[in-house]
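Novice:
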Amino acid sequence: MILPLFIKTLKQNWKLLLIFFAVLIMYMGVMISMYNPDDMAAMLAILEALPKELLTAMGFSDSITDITSYLGSWLYGLLMLAFPLVYCIILGNRLVAKMVDNKSLSFLLSTPNSRIKLVVTQGVYALLSIFVLFAVLFGIGVGLTASIYPGLLNVGAFLKINLITMLLNMFVMMICFFFSCLFNESKQALGLASGITIVSLLMNMLGNTSEDLNIIKSLSFYGLYDPVEIALGAEIWQLCLIYSALAVVLFISAVVIFNKKRLPI
Amino acid sequence: MIEVKNMTLTYSSGKGIFDVDFAIKDGEVTGYLGPNGAGKTTTIRGILGFMKPNQGSCSINGLDSIRDACEIQKTLGYISGEMAFFDDMNGDEFLQFMQKMRKEKNNARLKELLELFELDPRGKIKRFSKGMKQKLGIVSAFMHDPDIYVLDEPTSGLDPLMQNRFIELILKEKARGKTILMSSHVFEEVEKTCDTVIIIKDGRIVEKSDILTLKNSQRKGFSIKPSNLEDATKILQASGFDYSLKVGGIIQVFVTGENIDKFIKTSAKFNIDNFDVMKQSLEDIFMQYYGTKEDLS
Chain A
1 MILPLFIKTL
11 KQNWKLLLIF
21 FAVLIMYMGV
31 MISMYNPDDM
41 AAMLAILEAL
51 PKELLTAMGF
61 SDSITDITSY
71 LGSWLYGLLM
81 LAFPLVYCII
91 LGNRLVAKMV
101 DNKSLSFLLS
111 TPNSRIKLVV
121 TQGVYALLSI
131 FVLFAVLFGI
141 GVGLTASIYP
151 GLLNVGAFLK
161 INLITMLLNM
171 FVMMICFFFS
181 CLFNESKQAL
191 GLASGITIVS
201 LLMNMLGNTS
211 EDLNIIKSLS
221 FYGLYDPVEI
231 ALGAEIWQLC
241 LIYSALAVVL
251 FISAVVIFNK
261 KRLPI
Chain B
1001 MIEVKNMTLT
1011 YSSGKGIFDV
1021 DFAIKDGEVT
1031 GYLGPNGAGK
1041 TTTIRGILGF
1051 MKPNQGSCSI
1061 NGLDSIRDAC
1071 EIQKTLGYIS
1081 GEMAFFDDMN
1091 GDEFLQFMQK
1101 MRKEKNNARL
1111 KELLELFELD
1121 PRGKIKRFSK
1131 GMKQKLGIVS
1141 AFMHDPDIYV
1151 LDEPTSGLDP
1161 LMQNRFIELI
1171 LKEKARGKTI
1181 LMSSHVFEEV
1191 EKTCDTVIII
1201 KDGRIVEKSD
1211 ILTLKNSQRK
1221 GFSIKPSNLE
1231 DATKILQASG
1241 FDYSLKVGGI
1251 IQVFVTGENI
1261 DKFIKTSAKF
1271 NIDNFDVMKQ
1281 SLEDIFMQYY
1291 GTKEDLS
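Top to bottom, those sequences are chains A and B. Going by this note's numbering, the first sequence opens with residue 1, and the numbers climb by one from there. Going by this note's numbering, the second sequence opens with residue 1001, and the numbers climb by one from there.
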């Protein structure tokens, strides 16, 4: 970790994080305010005008009644995956590949700091920003539901949903970071990172639409858990471990590759 | 001491540098010259450790460019051939950032450099002119008072006044015993500052010598205005002299020492209106290495 570099990276990227904060907090507010603890049926009726497949693809489940599984399904089923994904793709490119592409990295390398330290600092910023994103969203979610529907939210289960979603997004962040370290051109780094992650997310959505397509879902790293089941008490530690391990492997490989590779700067 | 040992560094396109080998002694200023795409920046990438050579190695003060890249940077000042700064940074913010990254703060020297180049670093770098960006890069490479400089076209984008200021700066650093490798296209700046010159062409070193020897060893230039241009060129060609035609019916011929007699006798075969011995500048010497093989005189 190099503190001055971390501060510079923060200065250049906090606005990006803020935008995604604003969008996700807005959605969270809308979703929580739409919840009606007395009459889920009335709310579901509003959505009946839409095709059922569309709703399931979005991760909306109609079998839910409590607010924890409601948020798990309606918020963490797609929105908390899709928006952070865009953030990961943009940030991942900015942290490394963009600086190689425009050659500004040569200034960092003309200071007595090793490549490993430089790139680890960038990776730590990426992971920390995802952590802060979900920690704050979790806090706001708990705060909002407590003020509107006190006592209804299962905070423990909601924490678990946030934890696994955070780890999943850290894994996605590391995919983008890995390609950013691998390629010397933004175009290639962005292309492969967004290609792999967006296809995975689409596979997850497609797999949700019907039982027959479930196999597609289980092939995607997005489709390995169901937030509604977690809300109802499913255990997640195994999957947490898998996502964490994958993220760590990608992080280490990215650092090793970046340390060895030729930089045309 | 900068050492490049039998370095071959090729790209996937097959271009690159081949078996480049030279050493720059402590306190020596060396000019690194060559046409565009000859391999100057590639050599510098090897020296800085940005790219691992296919073969051979580079070292600075005995430290390996790849293995000890971090250690080397403590005593190195580097100017990149292509100035690309970070987005949305102010000039003064950038200089402070570089000081912090180096954990070295010499504000007296920084102030001196800013005054020398008349640079006000405030404001967004993005809005800076090319010359201002170049000055900012120069200041950043010199402000920590390193012992060794690797400078890739350091004066590109600077106006003639500032180019002179830069020459002053280099001469001052030279007097303080610094070791400098400088790639350049500005012959004047090389002529004024460098002790030795290395010329690279098509990825291979074609000349390596100190400036004085280079000047002395060179061929004499003659400028003749013949009465009949056609006759004269025919006769010269028949005797195997390479010549170039200049405006106003003037022929320029470069001749090595042992051929002067033959040249005088050959030119006696046609009528001459005017005859001049040219004072050959270093630029003329370098120019021989710049063109393609066919136009080498």
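Using N, Cα and C, we set each Cβ at its ideal position, and we do this for glycine too.
1. With a threshold of 8 Å between beta carbons, is Phe107 of chain A in contact with chain B?
2. Just checking my contact of Met1182 of chain B with Tyr1032 of chain B at CB under 8 Å: how many whole Å lie between their CB atoms?
3. Leaving out the 5 sequence neighbours to the left and right, which residues in its chain are closer than 6 Å to Pro4 of chain A when beta-carbon positions are compared?
4. Can you tell me where the beta strand (DSSP E) with Tyr1243 of chain B in it begins and where it stops?
5. Going along the stretch 128-154 of chain A in order, which residues come within less than 9 Å of chain B, judged by CB to CB distance?
6. How do the stretch 80-88 of chain A and the stretch 1040-1049 of chain B stand: do at least 3 beta-carbon pairs fall below 8 Å, yes or no?
7. Just the Cα atoms here: how many angstroms apart are Leu266 of chain A and Ser194 of chain A?
8. Should Phe1178 of chain B be labelled buried (16 or more other beta-carbon atoms within 10 Å of its own) or exposed?
9. Please report the straight-line C-alpha distance between Ile1125 of chain B and Tyr149 of chain A, rounded to a whole angstrom.
10. List, in order along the chain, the chain B residues whose C-beta lies closer than 9 Å to that of Gln12 of chain A?
11. Return the residues of the stretch 234-265 of chain A that lie within a Cβ-Cβ distance of less than 8 Å from chain B, sorted by chain order.
12. Could you spell out the range, first to last residue, of the beta strand (DSSP E) harbouring Phe1275 of chain B?
13. Met1001 of chain B touches chain A at which residues, Cβ-Cβ below 8 Å?
14. Skipping 5 residues on each side, what residues in its chain have a beta carbon closer than 8 Å to that of Leu1114 of chain B?
15. Taking Pro264 of chain A and Asn204 of chain A to be in contact with their CB atoms under 8 Å, please state how far apart those CB atoms are, rounded to whole angstroms.
16. Run down chain B in chain order and give the residues with a C-beta less than 7 Å from the C-beta of Ser104 of chain A.
17. Helix, strand or coil: which one does DSSP assign to Asn1036 of chain B?
18. Which chain A residues sit within Cβ distance under 7 Å of Lys1100 of chain B?
19. Measure from the C-beta of Thr111 of chain A to each C-beta in chain E and report whether the shortest distance is under 8 Å.
20. Could you tell me which uninterrupted alpha helix (DSSP H) segments, each at least 4 residues in length, are contained entirely in the stretch 1137-1201 of chain B, listed from first to last along the chain?
21. First and last residue of the beta strand (DSSP E) that includes Thr111 of chain A?
22. Please state whether DSSP places Leu1296 of chain B in a helix, a strand or coil.
23. Could you give the first and the last residue of the continuous alpha helix (DSSP H) run that contains Thr209 of chain A?
24. Within 10 Å of its beta-carbon, does Glu1028 of chain B have 16 or more other beta-carbons around it, so buried, or fewer, so exposed?
25. Distance, Cα to Cα, Ser1239 of chain B vs Glu1230 of chain B?
26. Are at least three pairs of beta-carbons, each pair with one atom in the stretch 101-117 of chain A and one in the stretch 1100-1114 of chain B, less than 8 Å apart?
27. If we ignore side chains and look at the alpha-carbon of each, how far apart do Leu50 of chain A and Asp101 of chain A end up?
28. Just verifying my parser: in three-state terms, what is the DSSP assignment at Glu1071 of chain B?
29. For the pair the stretch 1056-1066 of chain B and the stretch 1199-1216 of chain B, tell me if three or more CB-CB distances fall below 8 Å.
30. Is the beta carbon of Phe171 of chain A less than 8 Å from the beta carbon of Phe221 of chain A?
31. Would a C-beta distance cut-off of 8 Å place Thr1233 of chain B and Tyr1243 of chain B closer than the cut-off?
32. Taking C-beta to C-beta, are Ile1251 of chain B and Ile1224 of chain B nearer than 8 Å?
33. So is Asp38 of chain A buried or exposed if we call it buried at 16+ other beta carbons inside 10 Å?
34. Report back the beta-carbon spacing between Lys117 of chain A and Phe1097 of chain B to the nearest angstrom; my notes put them in contact at under 8 Å.
35. At a CB-CB cut-off below 9 Å, which residues of chain A make contact with Gln1073 of chain B?
36. Across the stretch 163-181 of chain A and the stretch 230-250 of chain A, are there enough close Cβ pairs to call them in contact, namely three or more that are closer than 8 Å?
Specialist: Once the coordinates are examined:
1. In the first sequence, residue 107 of chain A corresponds to position 107, counting from 1. So yes, Phe107 of chain A belongs to the interface.
2. For the purposes of this step, residue 1182 of chain B is identified with residue 182 of the second sequence, where counting begins at 1. For the purposes of this step, residue 1032 of chain B is identified with residue 32 of the second sequence, where counting begins at 1. In this structure Met1182 of chain B touches Tyr1032 of chain B by the C-beta definition: roughly 7 Å separates them, less than 8 Å.
3. On the first sequence, position 4 is the one that residue 4 of chain A refers to. Only residues of its own chain outside the window of five on either side were considered, and among them none has a CB closer than 6 Å to the CB of Pro4 of chain A.
4. Numbered from 1 along the second sequence, position 243 holds the residue referred to as residue 1243 of chain B. Residues Tyr1243 to Lys1246.
5. Contacts with chain B (Cβ-Cβ distance below 9 Å) from the stretch 128-154 of chain A involve no residue at all.
6. The stretch 80-88 of chain A makes no contact with the stretch 1040-1049 of chain B: fewer than 3 CB pairs, one atom from each, lie closer than 8 Å.
7. Residue 266 of chain A is absent from the structure shown; chain A starts at 1 and stops at 265.
8. Reading the second sequence from its first residue, position 178 is the one you call residue 1178 of chain B. A small fix is needed here, since residue 1178 of chain B is Lys in this sequence, not Phe. Answer is buried; the Cβ neighbour count reaches 16.
9. Looking up residue 1125 of chain B in the second sequence gives position 125. Looking up residue 149 of chain A in the first sequence gives position 149. Spanning the two alpha carbons is a distance of roughly 51 Å.
10. Start at 1 with the first residue of the first sequence, and residue 12 of chain A comes out as number 12. Identification of chain B residues near Gln12 of chain A by a Cβ-Cβ cut-off of 9 Å yields Phe1086, Asp1087, Asp1088 and Met1089, ordered along the chain.
11. Those residues of the stretch 234-265 of chain A that come within reach of chain B (Cβ to Cβ, closer than 8 Å) are Lys260, Arg262, Leu263, Pro264 and Ile265.
12. For the purposes of this step, residue 1275 of chain B is taken as residue 275 along the second sequence, with counting starting at 1. First-last of the beta strand (DSSP E) with Phe1275 of chain B: Ile1272 to Met1278.
13. Numbered from its first residue, the second sequence carries residue 1001 of chain B at position 1. Within chain A, no residue comes near Met1001 of chain B; the closest Cβ sits about 19 Å away, beyond 8 Å.
14. Position 114 of the second sequence holds residue 1114 of chain B. So the qualifying residues of the chain are Asp1120, Pro1121 and Val1139.
15. Within the first sequence, numbered from 1, the residue matching residue 264 of chain A stands at position 264. Within the first sequence, numbered from 1, the residue matching residue 204 of chain A stands at position 204. Not a contact, Cβ separation roughly 37 Å.
16. If you number the first sequence from 1, residue 104 of chain A lands on position 104. Taking a Cβ-Cβ cut-off of 7 Å, the neighbours of Ser104 of chain A in chain B comprise Ala1084, Phe1085 and Phe1086, given in sequence order.
17. Residue 1036 of chain B sits at position 36 when you count from the first residue of the second sequence. Three-state DSSP puts Asn1036 of chain B in coil, outside helix and strand.
18. Translated into the one-based positions of the second sequence, residue 1100 of chain B becomes position 100. Under the 7 Å cutoff, chain A gives Pro4.
19. Absent from the structure: chain E. Protein chains present are A and B.
20. Every unbroken stretch of the alpha helix (DSSP H) spanning 4 or more residues and falling wholly within the stretch 1137-1201 of chain B is given here in chain order: 1160-1175 and 1187-1193.
21. Against the first sequence, residue 111 of chain A aligns to sequence position 111. Note, Thr111 of chain A: premise wrong, no beta strand (DSSP E); not H, not E.
22. The residue you call residue 1296 of chain B lines up with position 296 of the second sequence. Model confidence at Leu1296 of chain B stands at a pLDDT of 42, short of 50, so the residue's coordinates are unreliable and nothing is read from them.
23. For the purposes of this step, residue 209 of chain A is taken as residue 209 along the first sequence, with counting starting at 1. Counted as a single uninterrupted DSSP element, the alpha helix (DSSP H) harbouring Thr209 of chain A occupies residues Ser186 to Thr209.
24. By 1-based counting over the second sequence, the position of residue 1028 of chain B is 28. Buried, by the Cβ-count rule.
25. To locate residue 1239 of chain B, count along the second sequence from 1; it is residue 239. To locate residue 1230 of chain B, count along the second sequence from 1; it is residue 230. Whole-angstrom Cα-Cα distance: 15 Å.
26. Under the 8 Å Cβ criterion, the stretch 101-117 of chain A counts as touching the stretch 1100-1114 of chain B, having at least three qualifying pairs.
27. Numbered from its first residue, the first sequence carries residue 50 of chain A at position 50. Numbered from its first residue, the first sequence carries residue 101 of chain A at position 101. A direct Cα-Cα distance of roughly 45 Å separates Leu50 of chain A from Asp101 of chain A.
28. Walking along the second sequence from the start, residue 1071 of chain B turns up at place 71. Assignment of Glu1071 of chain B by DSSP, reduced to helix, strand and coil, places it in the helix class.
29. In short, these stretches do not touch, since the Cβ pair count stays below three.
30. Taking the first sequence and counting its residues from 1, the one referred to as residue 171 of chain A is at position 171. Taking the first sequence and counting its residues from 1, the one referred to as residue 221 of chain A is at position 221. Result yes, Cβ atoms of Phe171 of chain A and Phe221 of chain A sit closer than 8 Å.
31. Working through the second sequence from its first residue, we reach residue 1233 of chain B at position 233. Working through the second sequence from its first residue, we reach residue 1243 of chain B at position 243. Yes, these two residues count as a Cβ contact at 8 Å.
32. Here residue 1251 of chain B is taken as the residue at index 251 of the second sequence, counted from 1. Here residue 1224 of chain B is taken as the residue at index 224 of the second sequence, counted from 1. In this structure, Ile1224 of chain B lies closer than 8 Å to Ile1251 of chain B by Cβ.
33. The residue labelled residue 38 of chain A in the question sits at position 38 within the first sequence. Only exposed fits Asp38 of chain A, as fewer than 16 other CB atoms lie within 10 angstroms of its CB.
34. By 1-based counting over the first sequence, the position of residue 117 of chain A is 117. By 1-based counting over the second sequence, the position of residue 1097 of chain B is 97. About 15 Å separates the CB atoms of Lys117 of chain A and Phe1097 of chain B; that is not less than 8 Å, and the two are not in contact.
35. Taking the second sequence and counting its residues from 1, the one referred to as residue 1073 of chain B is at position 73. The contacting residues are Leu109, Ser110, Thr111, Pro112 and Asn113.
36. Using a Cβ-Cβ distance cut-off of 8 Å, the stretch 163-181 of chain A and the stretch 230-250 of chain A are in contact, since at least three pairs of beta carbons, one from each stretch, lie closer than that value.
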